[in-house]
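Contents: one structure, followed by commentary.
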Amino acid sequence: MNAMNLLLEALPGMVVTDRDELRQYQTDRSGHVSPGVPMAAVHPRSVEDVQAVCRIAHETGTPVVTRGAGTGLAGGGIAGNGEIVLSMDSMRGILEISQANRLAVVQPGILNGELNTELAAYGLWWPPDPASKDISTVGGNIAMNAGGLLCAKYGVTREAVLGLKVVLADGRLISVGHRTVKGVTGYDICALIIGSEGTLGIIVECTLKLQPVPTGPTATIGAFFSGIEEAADAAAAITAAGLVPAIMELLDRRTLECVSAYTGQSLLSQGSSYLLIQCDGAAALEEAARVADIIEAAGAEASITTDPDETSRLVDIRRQAFPALESMGMMLVEDVAVPRDRVTDVFRKVLELEDRFGIMIPTACHAGDGNLHPTFVYQGDTVPDDIWKAAGELFAYALELGGTLSGEHGIGLLKRQWIGDELGADLLGIQQQIKAVLDPRKILNPGKIFPPTI
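Heads up: the sequence shown at position 34 corresponds to 24 in the working numbering, and the numbers run straight through without jumps.
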């Protein structure tokens, strides 16, 4: 019996075979589209359902692509010909919230924003804060080790996960990590699964490390600078002073142009780059006052606000960047990360690439952790060759500065050809050997992370 018949028999009411409905899984928010339609999509309702899918896939050698909300920007959740999509959208329950242990146990399909709405009643929150937090799933964020605006202070997703239950390629269920704050027994397989992009196992339950909701006023500063280098240097000076704002975001002139056009605001009349700072916690006002002194010493005005409406307006300038860029055309959204004192160098490189290739590369930056998002805007259905060439040069430059190909979006399909440049042959081979142990038939999200020749 073939995989399709086995799925229909084992999982009645959970298997989608309509080709028009399946087309949504050929792409994600990266804009990349697979050349073929997947064979089926399964919407499991339990861990046992996921195990059944994996056993069938393992026995028949059928590839499985796990799918969250499709908000990925690296093509990591895209499926094609002959592949099963395992959509986790029906597994979105909260199984436990423990105030005493500051943890929650949830299913992977719950949305970040949905979870934090529930946690607010307990005075707790889950810190990961990707731009897609209102529409992205917890499981997807863990699979990609997602970041966001709050990473500099609260870390990426890995720092907010205690344990996982994972279904392996052959259907076995394992538990990794702990419910305890500390735990060092054996290899840290939990950390290995986080960020593995669905290539090592399927996350079916998540034990999350929670934080108390910050108390006291939130202090926000939105400062406009005459140039991007001045703004980047001010951000570096804030970090060098030992200050750790909850949010420290930087937008260049190109991005401000796009946000202005999208929202109807005249942002460029205030400056050609924008630095957003937000301080939280009991010492927020004191910290913000020190930040303001640094910003003013760098030549910009720095007014501190605790007013909710004004705070929302200032933060919204940053949060509107992605929708504004989407309105300009197709995008290749990148996310190199470099040491924080080299951010200015990357902005200079972006300007040089724009001039030499005659292309537009609006760039936003999580200035608190050195993660930049150069966004290559183009027209048409496929990324032009000159865009890929410029992006390749930018990747090489980030590595030259001691940086990395991806700070938070992952490798997926879009960056797999460059992964060896960062890892080197030996480490790349070791990672492939690890996959071979956990997925010997190479059925879990094939073609992602590693170049197809490996």
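We put the beta carbon where it would ideally sit given N, CA and C, even for glycine. All values derive from a computational prediction rather than experimental measurement.
Please name the residue, chosen from the options, that lies closest to residue i on a Cα-to-Cα basis.
i: residue 41; options: 195, 223, 294; result: 195
i: residue 145; options: 114, 434, 188, 201; result: 201
i: residue 61; options: 91, 95, 17; result: 17
i: residue 135; options: 177, 31, 186; result: 186
i: residue 282; options: 225, 333, 95; result: 225
i: residue 189; options: 114, 81, 157; result: 157
i: residue 24; options: 389, 34, 12, 79; result: 12
i: residue 212; options: -4, 285, 251, 151; result: 285
i: residue 214; options: 43, 257, 297; result: 257
i: residue 3; options: 39, 328, 204, 159; result: 39
i: residue 376; options: 392, 346, 129; result: 346
i: residue 359; options: 325, 342, 386; result: 325
i: residue 74; options: 32, 333, 291; result: 32
i: residue 50; options: 161, 418, 56, 331; result: 161
i: residue 54; options: 429, 240, 246; result: 429
i: residue 45; options: 138, 87, 210, 159; result: 159
i: residue 389; options: 379, 278, 91, 411; result: 411
i: residue 380; options: 357, 348, 362, 182; result: 348
Leaving out the 5 sequence neighbours to the left and right, which residues in its chain are closer than 6 Å to residue i when beta-carbon positions are compared?
i: residue 409; result: 401
i: residue 242; result: 218, 263, 353
i: residue 437; result: none
i: residue 444; result: Note that residue 444 scores a pLDDT of 48, beneath 50, so its modelled location is shaky and nothing firm can be said.
i: residue 147; result: 118, 131, 132, 135, 136
i: residue 228; result: 281, 284
i: residue 163; result: 157
i: residue 399; result: 63, 64, 325
i: residue 210; result: 268, 295, 301, 304
In or out: residue i buried (at least 16 other Cβ within 10 Å) or exposed?
i: residue 216; result: exposed
i: residue 382; result: exposed
i: residue 131; result: buried
i: residue 230; result: exposed
i: residue 302; result: exposed
i: residue 93; result: buried
i: residue 259; result: exposed
i: residue 170; result: exposed
i: residue 7; result: exposed
i: residue 406; result: buried
i: residue 268; result: buried
i: residue 339; result: buried
i: residue 355; result: buried
i: residue 327; result: buried
i: residue 416; result: exposed
i: residue -9; result: exposed
i: residue 370; result: exposed
i: residue 199; result: buried
i: residue 175; result: exposed
i: residue 34; result: buried
Beta-carbon within less than 8 Å of residue i's beta-carbon, same chain only, minus the 5 sequence neighbours each way: which residues are those?
i: residue 140; result: 117, 118, 119, 236, 237
i: residue 321; result: 21, 315, 365, 366, 367, 368
i: residue 248; result: 311, 314, 315, 317, 318, 352
i: residue 70; result: 16, 24, 25, 26, 27, 28
i: residue 173; result: 167
i: residue 184; result: 132, 133, 135, 147, 148, 151, 154
i: residue 124; result: 101, 102, 103
i: residue -5; result: none
i: residue 329; result: 360, 391, 392, 393
i: residue 48; result: 159, 160, 161, 431, 433
I'd like the span of the beta strand (DSSP E) that includes residue i, first residue to last.
i: residue 3; result: Counting along the chain, residue 3 falls outside any beta strand (DSSP E), and DSSP gives it neither H nor E.
i: residue 361; result: 361 to 368
i: residue 199; result: 192 to 199
i: residue 86; result: 84 to 88
i: residue 445; result: Within the shown structure, residues of the chain are numbered from -9 to 444, placing residue 445 beyond reach of any answer.
i: residue 74; result: 74 to 77
i: residue 101; result: Note, residue 101: premise wrong, no beta strand (DSSP E); not H, not E.
i: residue 322; result: 320 to 323
Name the two residues that bound the continuous alpha helix (DSSP H) containing residue i.
i: residue 446; result: No answer is possible for residue 446: it lies beyond the span of the chain, which begins at -9 and ends at 444.
i: residue 167; result: First-last for residue 167: 163 to 167, but that is the beta strand (DSSP E), not the alpha helix (DSSP H).
i: residue 418; result: 409 to 428
i: residue 236; result: Careful: residue 236 lies outside any alpha helix (DSSP H) and carries neither H nor E.
i: residue 94; result: From DSSP, residue 94 is part of no alpha helix (DSSP H) but of the beta strand (DSSP E) over 93 to 96.
i: residue 312; result: 311 to 316
i: residue 9; result: 9 to 12
By Cβ distance below 7 Å, which residues in the same chain neighbour residue i in space, the five residues on each side in sequence not counted?
i: residue 404; result: 20, 22, 64, 65
i: residue 153; result: 165, 166, 167, 168, 169, 180, 197
i: residue 127; result: 58, 59, 78, 98, 99, 100, 101
i: residue 425; result: 189, 190
i: residue 234; result: 142, 143
For a minimum of 3 consecutive residues, which ranges assigned as the beta strand (DSSP E) are wholly contained in the segment 250 to 309? 263 to 269
To test your reading of the DSSP string, which unbroken beta strand (DSSP E) runs of 3 or more residues are found completely within the segment 33 to 59? 54 to 57
Inside the segment 118 to 153 only - alpha helix (DSSP H) runs reaching at least 4 residues: 128 to 134, 141 to 144
Any alpha helix (DSSP H) of 4 or more consecutive residues that is wholly inside the segment 325 to 361: 333 to 347
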